[in-house]
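In the working numbering, the protein residues as written are 102 to 596. Quick reminder that beta carbons are idealized off the backbone N, C-alpha and C, glycines included. Here the structure is a predicted model, which means the values were calculated and not measured.
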């Protein structure tokens, strides 16, 4: 980061030392936006309750929990304060949505909210919906809980058509149940249909803009999220997450300079909060954007800054993912295959993160003429896939299976089995097309279709390669590798 940009970004960062305790907590915003959530608690705590909800909408979960706790301390009869404390343990667009380490505490708060029984039927509906998330039945799966919550929030929104918060939280409930394999984006479109009119009416509401961005985070819908992306950072300009979130849309649309500005500010704000996860998350998006604009030196500096961080918690999925993905992106995107082959997968990271390092080694080994060693890394990926599938993690087991097929394809190409290489990468691309990315990542290190284009170029099939690159760009506009590939394919076809 240049000195002037770092100073600019730091002016946006909150100077308070309050910060995140939760792995998905993104810090305390100095400016929170405008929220009005009337409750039947003492009139004196209403402004504090509104502030707590605003914190919740910007995913500042630790700060929001503290703010709701302060409301409860000032008004011990305020049931909705306990509703709020429990809601900070519900992370709808993250995985898991109901973290195990905070579940029991949230259950206690939900029971206390029920015990206090507010006089307002509307507030009772909020508390009833919350109770469905944290009901004591141990046999209920998380998806059953979030689906029951969504249905209850739908009823609440219908019963209270003028309650803005009911509709905003209902839209968020829809997103909590959006399937990564539903390429029609049905739940996201339902949420957008709710939030779009509200965004025009309440342009300074942090949750509306924030959730519109999440709902639009796909190739199909990204353009519809651009107005919210342009607005959210100005609603809560000191929040690392509010500064970062627009880059989800900018990345989808290939707006690299916008993404870089967004994540420079977010990185600085997260650093000011000592929010390591937020800092690394922004840095991963920065590396991705720098590499697409040919700013390799800046990408390497971000990676150097990441490596200088003191002992990041590699058991934390989001931290481990960003820390592992950044150097992999830089080596693989630039075709430095010896460097890729030398990557050491993290030992203490979750299996789905270890897989990224194993994949990089496998690709590097295959591209440097060591197909047998590459196949050994592919076998390791097969084992990780099986472990993830056995644990019930269908999403990351699918992603790891795709990585394994990619390594097998490049090993086959190096071994001279060109038809098997094309078949394996085509299959990987088709499987990748069927699933959406998680918010934790700006995208695959190299999309399978872009790799297919590279493979077809090596096999002197420029027309098929060009088609693969075009399809890759339809999913990930502006990617440098695909743009270079099209130029190379065109050059190969010239007489």
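Per DSSP, the continuous alpha helix (DSSP H) segment holding residue 181 begins and ends at 180-188.
The three-state reading of DSSP puts residue 349 in helix, counting H, G and I together. Distance from the CA atom of residue 333 to the CA atom of residue 343, rounded to whole angstroms, is 6 Å. The C-beta separation of residue 224 from residue 165 comes to about 18 Å, leaving the pair out of contact by the 8 Å criterion. Less than 7 Å divides the Cβ of residue 530 from the Cβ of residue 550. Contact annotation: residue 442 and residue 465 have beta-carbon atoms nearer than 7 Å.
For residue 281, there is no enclosing alpha helix (DSSP H), as DSSP marks it with neither H nor E. Around the beta carbon of residue 241, fewer than 16 other beta carbons lie within 10 angstroms, which makes this residue exposed.
Following the DSSP letters along the chain, one finds residue 285 in no alpha helix (DSSP H), marked with neither H nor E.
For residue 525, the enclosing alpha helix (DSSP H) begins and ends at 519-534. Rounded to the nearest angstrom, the gap between the Cα atoms of residue 514 and residue 560 is 9 Å. Residue 273 has its alpha-carbon roughly 49 Å from the corresponding atom of residue 594. Residue 468 is positioned such that its CB atom lies no closer than 7 Å to that of residue 497. Contact fails between the region 265-284 and the region 507-524, because fewer than three Cβ pairs, one in each stretch, are under 8 Å apart.
A straight line joining the alpha-carbon of residue 460 with that of residue 324 spans about 32 Å.
By a beta-carbon distance limit of 8 Å, residue 386 contacts residue 352. Their separation comes to about 7 Å. Within 10 angstroms of the beta-carbon of residue 245 lie fewer than 16 other beta-carbons, which makes it exposed.
Setting aside the 5 residues that flank it on each side, residue 149 is surrounded in the same chain by 168, 171, 172 and 175, each with a C-beta closer than 8 Å to its C-beta; the list follows chain order.
For residue 525, the closest alpha carbon among the candidates 534, 506 and 516 is that of 506. Excluding five sequence positions before and after residue 291, the CB atoms of its chain that fall closer than 6 Å to its own CB belong to 275, given in chain order. With contacts defined by Cβ atoms closer than 7 Å, residue 429 and residue 463 do not form a contacting pair.
Approximately 14 Å separates the beta-carbon atoms of residue 378 and residue 427; this is outside 8 Å, ruling out the contact.
In this model, residue 256 and residue 495 are separated by some 31 Å (Cα to Cα).
Here residue 263 is exposed, its C-beta having fewer than 16 other C-beta atoms within 10 Å. Bounds of the alpha helix (DSSP H) holding residue 309 are 307-316. Fewer than three beta-carbon pairs drawn from the region 219-234 and the region 292-307 are found closer than 8 Å, and the two stretches are therefore not classed as touching. Cα atoms of residue 217 and residue 278: separation of roughly 30 Å, rounded to the nearest angstrom. For residue 221, the secondary structure class from DSSP, reduced to helix, strand or coil, is coil. Scanning its chain for C-beta atoms nearer than 6 Å, with the 5 sequence neighbours on each side dropped, one finds around residue 189 the residues 162, 165 and 166, in chain order.
Selection 160, 394 and 261 evaluated against residue 359 yields 394 as nearest (Cα-Cα). By the Cβ rule, the region 279-287 counts as touching the region 534-543, because three or more pairs are nearer than 8 Å. Taken through DSSP and simplified to helix, strand or coil, residue 404 comes out as helix. By the CB criterion at 7 Å, residue 336 and residue 310 fall inside the cutoff. Per the coordinates, the alpha-carbon of residue 136 lies some 21 Å from the alpha-carbon of residue 194. Rounded to whole angstroms, residue 444 and residue 510 show a C-alpha spacing of 20 Å.
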